[in-house]
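Inspection log for the structure reproduced underneath, given as structure tokens.
2 protein chains.
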Amino acid sequence: MVDQHINRLSTREKRLGLMLWFRLSRFYNRSIRQTNDFLKDVQLSAAQFDVLAQVGVHKEITQQELSHKLFVTKGNITQLLVKMEKAGLIQRKKEWRTNYVSLTKQGKVLYDEVVPRQEMFQAEQFSGLSEAEQVQLLNLLKKLQKTPEGNG
Amino acid sequence: MVDQHINRLSTREKRLGLMLWFRLSRFYNRSIRQTNDFLKDVQLSAAQFDVLAQVGVHKEITQQELSHKLFVTKGNITQLLVKMEKAGLIQRKKEWRTNYVSLTKQGKVLYDEVVPRQEMFQAEQFSGLSEAEQVQLLNLLKKLQKTPEGNG
DNA sequence: TAGTATTAGTTTATAACTAAACCGATAGAA
DNA sequence: TTCTATCGGTTTAGTTATAAACTAATACTA
Chain S
1 MVDQHINRLS TREKRLGLML WFRLSRFYNR SIRQTNDFLK DVQLSAAQFD VLAQVGVHKE
61 ITQQELSHKL FVTKGNITQL LVKMEKAGLI QRKKEWRTNY VSLTKQGKVL YDEVVPRQEM
121 FQAEQFSGLS EAEQVQLLNL LKKLQKTPEG NG
Chain Z
1001 MVDQHINRLS TREKRLGLML WFRLSRFYNR SIRQTNDFLK DVQLSAAQFD VLAQVGVHKE
1061 ITQQELSHKL FVTKGNITQL LVKMEKAGLI QRKKEWRTNY VSLTKQGKVL YDEVVPRQEM
1121 FQAEQFSGLS EAEQVQLLNL LKKLQKTPEG NG
């Protein structure tokens, strides 16, 4: 599956891939740590924020959809939701075999408080780039998402 | 520390930051999973590959340096190295209070086998982008690494 | 020389994630 | 109707990471 395309790649391109991956994962590592740190005083992890943001936007969303949107396994979603349910942030309504997830009042309050903060924080993370460069980066990332093997 | 710069950001830029972060972490999530999957048949995790690659390049490197290069905590490095030592891939030589890490023969063999494979694999991950775009992306990531708060 | 700070690495508890096995409900085919 | 497949979600065991507390060694200071 991978090997099919390999031979048409230049040595340069091969090197580039590894370098890109290293850079990207270093940036991600640093960033996720700072994000967790930043969210600590609202008792939220980066992962939980992701869930909060998605549920907040989509109002009612299934666990399956959440797991697709966030690119994590459904097992992981279950675990996160159990915690967030205990914390009173979300509720789950079973309908047939599907769980519909939505924010509680408390969840909404937190959402309204924390999303703008997080927006600012993330803006700051990328402030080393000009607005034009940020748009450029976004487009490149969008393009990557459509890569042939991007359907895991 | 963060708030200092916030006010000069446009609404557009604030949104962009969050969007960039979402895209980036989705891509990272998918990618790390595929990487782990790809490395499974050599009994290596993505994290262990990172260590193998760094030690392979730098010949002798301290744990401290490793933790800086890989942007992970020293506790994490300790744990990874214990495993890799058990697996016979690396050795640690204590000198004063510093551990110098290097590859064993077996580690070198694996290094030579796995680095080219990984280069190809990563090239494939980014093959949705042209070579020019990949260079662009690399430059953007480099620039990000120099962000003011990038000294965590 | 004692007293304190710093440094390299380890340990411990915990969060977040995965893969894989599992449960129970629906749906399709014999 | 039964048999099988699929689907949404849960559970479990194991990995990878963190933060924070710790040890032991060196180095600074007075």
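The listed protein sequences derive, respectively, from chains S and Z.
Using the numbering used here, the letters of the first sequence map in sequence onto residues 1 to 152.
Using the numbering used here, the letters of the second sequence map in sequence onto residues 1001 to 1152.
Glycine included, C-beta positions come from ideal geometry on N, C-alpha and C.
Which bits of chain Z does R26 of chain S rub up against, with CB to CB less than 8 angstroms? As a position in the first sequence, residue 26 of chain S is number 26, starting the count at 1. Chain Z residues near R26 of chain S: L1070, F1071, Q1145.
Whole beta strand (DSSP E) runs in the segment 80-114 of chain S with 3 or more residues, listed along the chain? 90-95, 98-103
Rank S:L66, S:L52, S:Q64, S:T35 by C-alpha distance to the C-alpha of D112 of chain S and give the top, closest one. As a working mapping, residue 112 of chain S is identified with position 112 in the first sequence. Ranking the options by Cα distance to D112 of chain S, first place goes to S:L52.
Using only CA atoms, which one of S:Q64, S:F22, S:K83 lies nearest to R97 of chain S? The count along the first sequence starts at 1 and reaches residue 97 of chain S at position 97. Nearest C-alpha to R97 of chain S: S:Q64.
Taking only beta-carbon atoms, is L66 of chain S less than 7 angstroms away from chain Z? Numbered from its first residue, the first sequence carries residue 66 of chain S at position 66. It does not: the Cβ of L66 of chain S has no partner Cβ on chain Z nearer than 7 angstroms.
Suppose you measure from the CA of L1138 of chain Z to the CA of Q1091 of chain Z; what does that come to, to the nearest Å? The residue labelled residue 1138 of chain Z in the question sits at position 138 within the second sequence. The residue labelled residue 1091 of chain Z in the question sits at position 91 within the second sequence. So the two alpha carbons sit approximately 33 angstroms from each other.
Does DSSP put T1078 of chain Z in a helix, a strand or coil? The residue given as residue 1078 of chain Z occupies position 78 in the second sequence. Three-state DSSP puts T1078 of chain Z in a helix.
Helix, strand or coil: which one does DSSP assign to T1073 of chain Z? As a first step, residue 1073 of chain Z is located in the second sequence; it is residue number 73 there, counting from the start. Correct three-state label for T1073 of chain Z: coil.
What does DSSP give as the partner residue(s) for I1061 of chain Z in the beta ladder? For this step, residue 1061 of chain Z is matched to residue 61 along the second sequence. DSSP output for I1061 of chain Z lists Z:V1101 as bridge partner(s).
Look at the Cβ atom of Q54 of chain S, then the Cβ atom of K69 of chain S, and state whether they are nearer than 7 angstroms. The sequence position of residue 54 of chain S within the first sequence is 54, counting from 1. The sequence position of residue 69 of chain S within the first sequence is 69, counting from 1. Yes. Within cutoff.
What is the C-beta distance between V114 of chain S and F49 of chain S, in whole angstroms, given that I count them as a contact (C-beta under 8 angstroms)? If you number the first sequence from 1, residue 114 of chain S lands on position 114. If you number the first sequence from 1, residue 49 of chain S lands on position 49. At roughly 7 angstroms, the Cβ-Cβ gap stays under 8 angstroms, so V114 of chain S and F49 of chain S are in contact.
With distance defined between alpha-carbon atoms, name the residue in S:Q106, S:I32, S:D41 nearest to A87 of chain S. Start at 1 with the first residue of the first sequence, and residue 87 of chain S comes out as number 87. With distances taken between Cα atoms, A87 of chain S lies closest to S:Q106.
A1047 of chain Z burial status per 10 Å Cβ neighbour count (16 or more: buried): Here residue 1047 of chain Z refers to the residue found at position 47 when the second sequence is read from its first residue. So A1047 of chain Z ends up on the buried side.
Let's test the definition: count the other Cβ atoms within 10 Å of the Cβ of Q134 of chain S and tell me whether it reaches 16, buried, or not, exposed. Sequence index remark: in the first sequence, residue 134 of chain S carries index 134 (1-based). Burial call: buried.
Let me know the secondary structure DSSP gives F1049 of chain Z once reduced to three states. As a working mapping, residue 1049 of chain Z is identified with position 49 in the second sequence. Of the three classes helix, strand and coil, the one that applies to F1049 of chain Z here is helix, per DSSP.
For L1144 of chain Z, the first and last residue of its enclosing alpha helix (DSSP H): Indexing the second sequence from 1 puts residue 1144 of chain Z at position 144. Counting along the chain, the alpha helix (DSSP H) containing L1144 of chain Z begins and ends at 1131-1145.
Give the interface partners of K1142 of chain Z over in chain S, defined as CB-CB distance under 8 angstroms, in chain order. As a working note, residue 1142 of chain Z is residue 142 in the second sequence. Those are R23, listed as they occur along chain S.
Are any of the Cβ atoms in chain Z nearer than 7 angstroms to that of R30 of chain S? On the first sequence, residue 30 of chain S is found 30 positions in, with the first residue counted as 1. Interface residue, yes.
Mark R30 of chain S as exposed unless 16 or more other C-beta atoms lie within 10 angstroms of its C-beta, in which case mark it buried. In the first sequence, the residue the question calls residue 30 of chain S occupies position 30. Buried, because 16 or more other Cβ atoms sit within 10 Å of the Cβ of R30 of chain S.
Using a Cβ-Cβ cutoff of less than 7 angstroms, which residues in the same chain neighbour I32 of chain S once the five nearest sequence positions on both sides are dropped? On the first sequence, position 32 is the one that residue 32 of chain S refers to. Excluding sequence neighbours, I32 of chain S sits near A46.
Determine the burial state of S1130 of chain Z: buried for a count of at least 16 other Cβ atoms within 10 Å of its Cβ, exposed for fewer. As a working note, residue 1130 of chain Z is residue 130 in the second sequence. Label assigned to S1130 of chain Z: exposed.
So Q1145 of chain Z and F27 of chain S are in contact, right, with Cβ under 8 angstroms, and what is the actual spacing, rounded? If you number the second sequence from 1, residue 1145 of chain Z lands on position 145. If you number the first sequence from 1, residue 27 of chain S lands on position 27. With 8 angstroms as the limit, Q1145 of chain Z and F27 of chain S qualify as a contact, their Cβ atoms being about 7 angstroms apart.
Closest by CA to E60 of chain S, which one among S:K94, S:N76, S:T35? Here residue 60 of chain S refers to the residue found at position 60 of the first sequence. For E60 of chain S, the nearest C-alpha among the options comes from S:K94.
Skipping 5 residues on each side, what residues in its chain have a beta carbon closer than 6 angstroms to that of V1109 of chain Z? By 1-based counting over the second sequence, the position of residue 1109 of chain Z is 109. Once the five neighbours on either side are set aside, V1109 of chain Z has no close Cβ partner at all.
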